[in-house]
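Single-structure report; data block below.
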Amino acid sequence: MDAPTMANAAWRHGLIRAAVAVLAMSAGCAADHESADELTPVVAEIDTFAMDHYNGSELRWTMAGDRAEVQSAGDALFVENPRVLLYDAGAPSLTITGEHGTVDKITHDLTIEGSARAVAPDGVLLTEKLSWDDASGTLSSDTDVELRRRDSAIYGSAMTGRPDLRRVRFVDVTFRLNPEDETIEPYPLDTLDTGALAH
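Residue 254 is where the sequence shown starts when you use the numbering used here, and the numbers rise one by one after that.
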């Protein structure tokens, strides 16, 4: 091979290497761009967070937390170590604590996750994830739940109920009942078709 042919071949190999490098970089940048789009950036962080929600003049709930984040989409608020107090007709009815919480800023629904604990005068509810539907005024969980009342306990794979924990519907229910703790009243069979109703 003469010198001009070798120089031309070297130039082509260099050009091919450069093209491969550009393709590799653009593929890497595309992957970075996609992962950045999947993670919505945080636009605000708030320490020692507190928030109240009213429906008209009626106080529905209060939430406090160690820290809160607002993401650029702006429709949700993420709270660390949330402490929620639900109200019924202006009076406190239930407290909920957990490791993480989410506030839907449009519907005012709440989700508490990570060792969620709800305490009412009539019992304590334990689960990994507990949701509050503000429009219907109901609690729900699609994870294993335990409802304790003194020495009695009811277990289920999911639940829905009122925040006073007096009427709760369970799925796949089992229980340990202390007769001194509970008054058992028969329910019509049509109320038991999807689970058991604790009273």
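Quick reminder that beta carbons are idealized off the backbone N, C-alpha and C, glycines included.
Given residue i as reference, the closest of the options once Cα atoms are compared
i, options, result
"D328", "S384, I365, E399, H361", "H361"
"G376", "V424, M316, V337, L400", "L400"
"I365", "L430, R429, A317, A344", "A317"
"R420", "N431, T391, F428, I299", "T391"
"R453", "E311, W314, A303, L312", "For the chain, the structure presents residues 254 to 452; residue 453 sits outside this window and is missing."
"K382", "V323, R402, T355, A406", "T355"
"T396", "S384, N334, S405, R403", "S384"
Burial state of residue i (16 or more Cβ within 10 Å)
i, result
"T301", "exposed"
"R422", "buried"
"L347", "buried"
"S389", "exposed"
"Y307", "exposed"
"A344", "exposed"
"S310", "exposed"
DSSP state of residue i mapped onto helix, strand, coil
i, result
"I365", "strand"
"L430", "coil"
"R419", "coil"
"T360", "coil"
"A371", "strand"
"A326", "coil"
Residues bridged to residue i (per DSSP)
i, result
"V393", "At residue 393 the sequence reads Ser, which differs from the Val that was named. For S393, which the question treats as bridged, DSSP gives the partners S384, T413."
"N334", "Looking at the DSSP assignment, N334 forms no beta bridge with any residue, so it has no partner."
"A406", "R401, R429"
### Query
Between the stretch 362-370 and the stretch 402-412, do at least 3 Cβ pairs fall closer than 8 Å?
No: the two stretches stay apart, fewer than three of their Cβ pairs being nearer than 8 Å.
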